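When we follow the numbering used here, the leftmost residue of the sequence shown carries the number 194, and every step to the right adds one. In this text, a Cβ means the ideal position worked out from N, Cα and C, and glycines have one as well. Note that the structure is a prediction, hence the values are computed from the model and not measured. Have a look at the structure below, then the notes.
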Amino acid sequence: MKFWTGIFILSFGLTIHCGAGVDRVDTNDAQSQVYAAAKFASEKCGNPIPNPPLVIINKPIQRNLDFCTIAITRTECPFLGYPLPCTLIYLEKETGDLPWYLNFNELSKIQIK
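Here you go:
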């Protein structure tokens, strides 16, 4: 009896979580996260934060925001622009998994100036 109750609770929880849709981050929280990553990279490289700053205008998808902040913190010096994966924060739909032929490490080295 306990086994079936546990299975029911687990499946119910997964159903609710999977049906929730994409996770979005509040604009102010996302802006703070990008700023903190940019500040870390600028201090690491000894450069000022690139101008103009990366401005977030809508609630980005959590996964895309994470790609951006990871790419910023892993960027190579000099930190003169934002990495290419930061363009993902402006997408309205979830990108899904990165295709096998894209190398995230190489993409994060390309900076937008």
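Apart from the five residues just before and just after L258, which ones in its own chain have a Cβ nearer than 7 Å to its Cβ?
V218, A223, Q226, I282
Is DSSP giving G212 helix, strand or coil here?
For G212, the pLDDT reaches just 44, beneath the cut-off of 50, and the residue's location in the model is therefore unreliable, although a value from the coordinates is still provided. G212 falls in the coil class under three-state DSSP.
Pick from R267, N244, E287, P278 that is closest to C238, judged by C-alpha positions:
R267
CB contact flag (Q304, L277, <9 Å):
yes
Would the beta-carbon of A229 fall within 9 Å of that of C261?
no
Using the Cα positions of T220 and K252, report the straight-line distance between them to the nearest angstrom.
5 Å
Expected contact under 8 Å - CB spacing of P243 and F272 to nearest Å:
7 Å
For R267: DSSP bridge partner residues:
Paired residues: none, contrary to the question.
On the criterion of 16 or more Cβ atoms from any shown chain inside 10 Å, does C279 qualify as buried, or is it exposed?
buried
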